[in-house]
Amino acid sequence: MTKTFLTIASIFSFSILLAQNSTGYWQQHVDYEMEIDFDAKDYQYDGSQVLEYTNNSPDTLDRVFYHMYFNAFQPGSEMDVRSRTIEDPDSRVGDRISKLSDEEIGFMRAKTLQQDGKELNFKLVGTVLEVELNEPILPGKSSTFKMDFEGQVPVQIRRSGRNNAEGVELSMTQWYPKMAEYDFEGWHADPYIGREFHGVWGNFDVKISIDKDFILGGTGYIQNPNEVGYGYEDEGEKVRRRGKKLTWHFNAPNVHDFAWAADKDYIHDKITGKDGTTLHFLYKDNKEIIENWKNLQSKTSDLLDFFNEHIGPYPYDQYSVIQGGDGGMEYAMCTLITGEREFGSLVGVTAHEMAHSWFQHILATDEAQHEWMDEGFTSYISSLAMNEVMDQNRENVFAGTYRGYTSLANSGFEQPQTTHADRYEYNSAYGVTAYSKGSVFLAQLGYLIGQENLDNTLNRYFDEWKFKHPTPNDFIRIAEKVSGAELSWYLNDWTRTTNTIDYAIKGVSVEPGTTIVTLERVALTPMPIEVKVDFKGGTSETYYIPLRIMRWTKPGATNIQEDWAWAFPTYTLEIPSPQYGVEKIEIDPSGLMADVNRENNVKVLNE
Ligand SMILES: [Zn+2]
């Protein structure tokens, strides 16, 4: 069976599953057809978009909203003002938007908009187009929207834009009028201030006409490879490009975003991964970077294998690593990354962005609200992948990640992970909260339920939630079902509060044949406790103290004690001691419990 057949089969079974879903889950559906006429001289384009929107919600919709992201790149926009008023602005943005001329700004404007053939009234408010419908869309019904629009590609400042720092001419992301998501929480017509994205699942058919010397890469399969060539053509095919412009025809099934990039000096390589996925690499013909980009290719294939095994099988036939953008950003079936990097950094950014194919582009959490699921899970899995693919052999892959979280937790500037991605007081606090604390959420879940249960949780999460919008509760319910432990308290304390973990050894008293250890819960967040005791003479034992509210014991735990009820600040652990006595006692020798003060975790006994 080909991979395409499998993909179609899984989409088909997915729609049956939706119909039979007993949890009440539903999601909207879009089918985009777009034709773009690009004027590379002025960096402007005209587009026509036919969007068939299906309302699978139980609600009648009388409004819809489109994201018009490029309007963020104008002096006085929310993105501009926020960047000039936040304490620690992104250095890529700073005050640069405020200084853009009319020729340098970005814009995205609707010229006409119709619903089922009738003109609609609409209003552009910043980066959002607000649309009042003539006819409400009833539950289970579809409506066809037709929009003519025009856009201007901004000077590259953040993510998208023209002429990035490495000379890539077009990074075309967040570039088209995009229907906002409506889900069980209602509309998500978030303005584009800094981050993040949430989109409607659907199919994209996109035709881009552009000067024929541009080489494109992006989301979707090229439908006319023998007309465009540049390495996309069938083997042995002679490609003739007539006329001034060339039309690139893309088709992307079952995605929630569409991105592309274009440059005249791209080298385009492709290799086939073990699972049959074609991996495309588009990078500048710059002798400084070519060797790294060649060496990146087999590493990308290894990364694909790692994610396939540890999360779930990549469902598309193609993935493209494209030089562009301003760092690294994930898109459906592709990423745009900057390419003038040390080799380790090049593989690292590819690992991270590629992992987002799973944690965002297949398991599509609302990144604006649950940024820790998107960035944190991605950081977790890409750290493990890098350790394997780059033979790093690190003892605790997450040691630095935990240090990052701990220093934020102790700083006084932490906000809960439920904070909207744009609503952090400091960009740096967002970064640590989403990436580090989100990654610790999973690594620490491994501490709570065991690595095998965590691995199985990720696989089952993929199986049950691929091509949907999972929420934090959906994830923790899978972990509960896989492990049997009660875990809602963990989701609550870790993600919805800034409570911390601090357990201490309060005192030790030695009696004949027994060492009595008084443990103390200093901070608010509960945890099951593992205590390692080293005996004089070289032996050691690990004692496991279950947490009462988990109603559960970790598989493989040794010396299982009475459980510890959270409300009790202290706990007495009695250690039967051999003749020579105890040398050292340590809470959490694994380092996987995110204790914010480890100094009180260890007691070395004299004599
Ligand atoms: Zn990321």
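Whatever position you read off the sequence shown (first residue = 1), add 928 for the numbering used here. Using N, Cα and C, we set each Cβ at its ideal position, and we do this for glycine too.
Under DSSP, the beta strand (DSSP E) around residue i begins and ends at which residues?
i: W1115; result: 1114–1116
i: N1182; result: 1173–1183
i: T1442; result: 1442–1449
i: I1309; result: Note, I1309: premise wrong, no beta strand (DSSP E); alpha helix (DSSP H) at 1305–1317.
i: S1437; result: 1431–1439
i: E1094; result: Looking at the DSSP string, E1094 is not in any beta strand (DSSP E), and its letter there is neither H nor E.
For residue i, which residues of its own chain have a beta-carbon under 6 Å away from its beta-carbon, when the five flanking residues on both sides are left out?
i: V992; result: V1059
i: E963; result: S976, K1135
i: G1519; result: N1324
i: T1334; result: V1524
i: G1130; result: H957, V958, D959
i: I1239; result: W1286, L1386, F1390
i: T1040; result: D1076
i: T988; result: P1064, L1066
i: E961; result: V978, D1133
i: V1277; result: G1256, I1265
i: T1072; result: E980, D1044
Mind checking residue i: buried by the 16 CB within 10 Å criterion, or exposed?
i: S950; result: Here the model assigns S950 a pLDDT of 49, short of 50, so the residue's position is not dependable and the matter cannot be decided.
i: F1112; result: exposed
i: K1365; result: buried
i: L1291; result: buried
i: Q1379; result: exposed
i: G1157; result: buried
i: E1015; result: exposed
i: G1466; result: exposed
i: Y1508; result: exposed
i: L1452; result: exposed
i: A1108; result: buried
i: F1496; result: exposed
i: Q1320; result: exposed
i: V1459; result: buried
i: D1191; result: buried
i: G1328; result: exposed
i: N1529; result: buried
i: R1010; result: buried
i: V1053; result: exposed
i: A937; result: Low confidence applies to A937: its pLDDT is 48, below 50, so where it sits in the model is not reliable, and the reading given next is rough at best. It is exposed - the Cβ of A937 has fewer than 16 other Cβ atoms within 10 Å.
i: A1493; result: exposed
Would you list the residues sitting across from residue i in a DSSP beta bridge?
i: S1070; result: T982
i: K1512; result: D1462, V1532
i: R1037; result: E1078
i: M962; result: Q977, V1134
i: V992; result: V1059
i: K1051; result: E1058
i: L1291; result: K1396
i: E1258; result: T1263
i: H1208; result: K1198, S1248
i: Y1358; result: None, per the DSSP bridge assignment.
i: D1191; result: I1143
i: P1506; result: Paired residues: none, contrary to the question.
i: E1469; result: V1461
i: D1213; result: DSSP, once it has assigned bridges, lists no residue as partnering D1213.
i: L1501; result: V1445
i: L1475; result: W1492
i: K1046; result: Q1043
i: I1065; result: L989
State the start and end residues of the unbroken alpha helix (DSSP H) segment that holds residue i.
i: F1369; result: 1366–1377
i: R1331; result: 1327–1337
i: G1267; result: Looking at the DSSP string, G1267 is not in any alpha helix (DSSP H), and its letter there is neither H nor E.
i: R1010; result: 1006–1013
i: K1227; result: 1218–1238
What does a CB cutoff of less than 8 Å around residue i pick up in its chain, not counting 5 residues either side in sequence?
i: S1070; result: E980, Y981, T982, N983
i: D876; result: The shown model of the chain, from 929 to 1535, leaves out residue 876, and the question about it has no answer.
Ignore the nearest five residues each way along the sequence and tell me which others in residue i's own chain have a CB closer than 7 Å to its CB.
i: T1013; result: none
i: T986; result: In the sequence as presented, Thr is not what sits at residue 986; that position holds Pro. Cβ neighbours of P986 beyond the five flanking positions: P1067.
i: H1348; result: A1296, Q1297
i: W1393; result: L1291, D1402
i: Y1363; result: E1303, G1304, S1307
Threshold first: 4 residues or longer. Then list the alpha helix (DSSP H) segments lying entirely within the segment 1380–1429, N to C. Fully enclosed alpha helix (DSSP H) runs of 4 or longer: 1400–1411, 1416–1424.
Hey, which unbroken runs of the alpha helix (DSSP H) at 4 residues or more fall wholly within the segment 1096–1171? 1153–1156
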